[in-house]
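Structure record follows, encoded as structure tokens.
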Amino acid sequence: MGGYRGKARELLESKSISVGDRVKIRKKGRTYEGLLMPRIELGDPNHLVVKLDSGYNVGVKVEEALEIAKMKGGKAPKMRMPPLKFERDPDKPNITIVGTGGTVASRVDYRTGAVHPAFSAQEIYNAVPELVDMANIKAVTACNVLSENMTPKLWAKVGETVADELNGEASGVVIAHGTDTMGYTAAALSFMLQDLSKPVVLVGSQRSSDRPSSDATLNLIGAVAAAGADMAGVCGVMHGSTEDKYCLIHRGTKMRKCHTSRRDAFQSVNVLPLGMIRNGKLELFQDVKRRSDAEVKVDSKFEEKVALIKTFPNIQSVVVEDLLDRGYRGIVLEGTGLGHVPESLYSGIKRAKKEGVPVVMTSQCIWGRVNMRVYSTGRDLLELDVISGGDMLPETAYVKLMWVLGHTQNFEEVRGLMRKNLAGELTSRTRPDTFMKSFLPEG
Numbered sequence: 001m002g003g004y005r006g007k008a009r010e011l012l013e014s015k016s017i018s019v020g021d022r023v024k025i026r027k028k029g030r031t032y033e034g035l036l037m038p039r040i041e042l043g044d045p046n047h048l049v050v051k052l053d054s055g056y057n058v059g060v061k062v063e064e065a066l067e068i069a070k071m072k073g074g075k076a077p078k079m080r081m082p083p084l085k086f087e088r089d090p091d092k093p094n095i096t097i098v099g100t101g102g103t104v105a106s107r108v109d110y111r112t113g114a115v116h117p118a119f120s121a122q123e124i125y126n127a128v129p130e131l132v133d134m135a136n137i138k139a140v141t142a143c144n145v146l147s148e149n150m151t152p153k154l155w156a157k158v159g160e161t162v163a164d165e166l167n168g169e170a171s172g173v174v175i176a177h178g179t180d181t182m183g184y185t186a187a188a189l190s191f192m193l194q195d196l197s198k199p200v201v202l203v204g205s206q207r208s209s210d211r212p213s214s215d216a217t218l219n220l221i222g223a224v225a226a227a228g229a230d231m232a233g234v235c236g237v238m239h240g241s242t243e244d245k246y247c248l249i250h251r252g253t254k255m256r257k258c259h260t261s262r263r264d265a266f267q268s269v270n271v272l273p274l275g276m277i278r279n280g281k282l283e284l285f286q287d288v289k290r291r292s293d294a295e296v297k298v299d300s301k302f303e304e305k306v307a308l309i310k311t312f313p314n315i316q317s318v319v320v321e322d323l324l325d326r327g328y329r330g331i332v333l334e335g336t337g338l339g340h341v342p343e344s345l346y347s348g349i350k351r352a353k354k355e356g357v358p359v360v361m362t363s364q365c366i367w368g369r370v371n372m373r374v375y376s377t378g379r380d381l382l383e384l385d386v387i388s389g390g391d392m393l394p395e396t397a398y399v400k401l402m403w404v405l406g407h408t409q410n411f412e413e414v415r416g417l418m419r420k421n422l423a424g425e426l427t428s429r430t431r432p433d434t435f436m437k438s439f440l441p442e443g
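Numbering of the sequence shown is given in UniProt numbering, commencing with residue 1 and proceeding in unit increments.
Here's what the structure looks like:
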């Protein structure tokens, strides 16, 4: 009975209703009509699940006031799709999808309700059949962690996997990644992958494949399209609107997750997106580096003892001094406005300067750039050798400082590299039309 048990099963059997039938439920003045869906076997036994005509599922608790009637018989949905047949096509690009633990392509276990990564090429084709006509898909796994558990060592492992594929037969690489720290990994790969000659595209989904509102399919189609395009570099591809209209391509050092749950959570900050993918067609908004046959190298030296500190009213220097006591070699500050911190933090910054520990200033404002020459507070910080982060995102500055300190501990060399645009993380001017998608046409 499709996972139903207890009161729910008894009710359905008394009405001769089966999973897949169209039903109408009346309860407390409300009416729900749609297809009766299967329940997970280990779930609450006192709820019915109905897929409404809108595509969304609703759970209705079984109570005495509930009335249910079968409107039309139907068939139970298949839990497993038959394998989709495909053959390698020499005229299509070879795209490798590297797994890190994300569920952009996934399947539902109807016994437990768990969502499992679908990560063989066969499973990915089954999950997104449109890919059969786009590319020859190969799937490999670099690691299997929740994105919040990513570390510099795992960044290096992902980078080595990507380079091996690009230096082999892959025309491009797609990295399936959790959205929460996708921006950090994108930045790390941007600094790490040297002489990058093909596309490396990070992709994820805000809503997993078991949900009717999932963004996984469109995102993965867009990512594979970008990975096969004539461009080179690290980027991310995610929904560009709340509807299934298009995906945006974001530069790896300029992309940020700006909402907890919206499908268009990712935005390019202080720059235009690299481009858009709509109806399978790629449109570029910027000049991009074109693909080549150059060998990709991996430079994965990161100094792990770097901290990112969000400043706040009444923050005390002990926050910085404790990190120095623990041997930290670099600090990135998320200052207020143009790059300010309370005077109560000055003594900690002075100690960092004395010990040769670089301090980099970014802004909590996200959009805009640091300018510490406007107000006296900023000028005081410049006197303390605080390095301006320009228009870098705080998380990008954090990753960059880790990478820079992995190569030199000389303060002046660190200052020079942090001020130098290495991977598109710094721009010389901020365009007025890059704030909150103001460049995009309506619709």
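Cβ coordinates follow ideal geometry from the N, Cα and C atoms, glycine included.
Check your understanding: Can you tell me whether DSSP reads residue 447 as helix, strand or coil?
Key -> In the structure displayed, the chain extends from 1 to 443; residue 447 sits before or after that span and is not available.
Review point. Buried or exposed: where does HIS250 fall if 16 or more other Cβ atoms within 10 Å of its Cβ makes it buried?
Key: buried
Check your understanding: Should the segment 301 to 316 be called in touch with the segment 256 to 264, which here means at least 3 C-beta pairs below 8 Å?
Key -> no
Check your understanding: Does the beta-carbon of SER16 have 16 or more other beta-carbons within 10 angstroms, so that it is buried, or is it exposed?
Key -> exposed
Check your understanding: Which residue comes first and which comes last in the alpha helix (DSSP H) that contains LYS157?
Key -> 152 to 166
Practice item. Could you name the residues of the same chain whose beta carbon sits closer than 7 Å to that of LEU146, not counting the 5 residues immediately before and after it, in chain order? Key: GLY101 and GLY178
Review point. DSSP on ALA397, reduced to helix/strand/coil?
Key: helix
Check your understanding: What's the call for SER292, buried or exposed, on a 16-neighbour Cβ count within 10 Å?
Key -> exposed
Point to revise | Buried versus exposed call for ALA229 [16 or more other C-beta atoms within 10 Å across all chains shown] | key: buried
Check your understanding: Using the rule of at least 16 other Cβ atoms within 10 Å of the residue's Cβ for burial, across every protein chain shown, is VAL173 buried or exposed?
Key -> buried
Review point. Span of the alpha helix (DSSP H) holding ARG88?
Key: From DSSP, ARG88 is part of no alpha helix (DSSP H); its letter is neither H nor E.
Review point. With 16 as the cutoff for other CB atoms within 10 Å, does GLU395 come out buried or exposed?
Key: buried
**Study point:** CA-to-CA distance, VAL23 to ASP195, given in whole angstroms
**Key:** 59 Å
Check your understanding: Taking the continuous alpha helix (DSSP H) assigned at THR377, which residues delimit it?
Key -> 376 to 383
Practice item. Counting only runs of 4+ residues fully inside the segment 203 to 240, write out the alpha helix (DSSP H) ranges in chain order. Key: 216 to 227
Check your understanding: By a C-beta neighbour count over all protein chains shown, 10 Å radius and 16 as the cutoff for buried, is ARG88 buried or exposed?
Key -> exposed
Exercise for review: Can you say whether PRO152 is buried or exposed, counting buried as having 16 or more other CB atoms within 10 angstroms of its CB?
Suggested key: buried
Practice item. For ARG256, name the three-state secondary structure that DSSP assigns. Key: strand
Review point. Going by other Cβ atoms of all chains shown within 10 Å of its Cβ, with 16 needed for buried, is LEU52 buried or exposed?
Key: exposed
Check your understanding: Which two residues bound the contiguous beta strand (DSSP E) that contains MET276?
Key -> 275 to 278
Practice item. Quick one: measure Cβ to Cβ for SER388 and MET372, integer angstroms, because I've assumed they're closer than 8 Å. Key: 6 Å
Point to revise | Bridge partners - HIS177, DSSP secondary structure assignment | key: Beta-bridge pairing links HIS177 to no other residue.
Review point. Is DSSP giving VAL271 helix, strand or coil here?
Key: coil
Practice item. Spatial neighbours of ASP303 within its chain, please: CB distance less than 6 Å, with the 5 preceding and 5 following residues excluded, ordered by chain position. Key: The sequence shown places Glu at residue 303, not Asp. Only ARG329, MET402, LEU405 and GLY406 meet the Cβ criterion.
Point to revise | C-alpha gap between GLY337 and ILE349, whole angstroms | key: 18 Å
Review point. Is it a yes or a no for the segment 230 to 250 touching the segment 183 to 190, going by three-plus beta-carbon pairs under 8 Å?
Key: yes
Check your understanding: Does DSSP classify GLY424 as helix, strand or coil?
Key -> coil
Check your understanding: Quick one, are the C-beta atoms of ILE95 and ALA135 less than 8 Å apart?
Key -> yes
**Study point:** Whether VAL360 touches ALA397 by CB criterion (8 Å)
**Key:** yes
Practice item. Would you mind sorting ASN270 into buried or exposed? The rule is 16 or more other CB atoms within 10 Å of its CB. Key: buried
Practice item. Out of MET392, ASP385 and ARG431, state which residue places its alpha-carbon closest to the alpha-carbon of THR362. Key: MET392
Review point. Are ASP21 and LYS61 close, meaning C-beta to C-beta below 8 Å?
Key: no
Practice item. State yes or no: is the C-beta of GLN182 within less than 8 Å of the C-beta of GLY159? Key: It should be noted that the sequence gives Met, not Gln, for residue 182. No, the Cβ-Cβ distance between MET182 and GLY159 is not below 8 Å.
**Study point:** Buried or exposed by the 16-neighbour rule on C-beta atoms within 10 Å, applied to ASN149
**Key:** exposed
Practice item. With DSSP as the reference, please indicate the residues paired to THR31 in a beta bridge. Key: ARG26
Exercise for review: Could you tell me the boundaries of the beta strand (DSSP E) in which GLY59 lies?
Suggested key: 57 to 61
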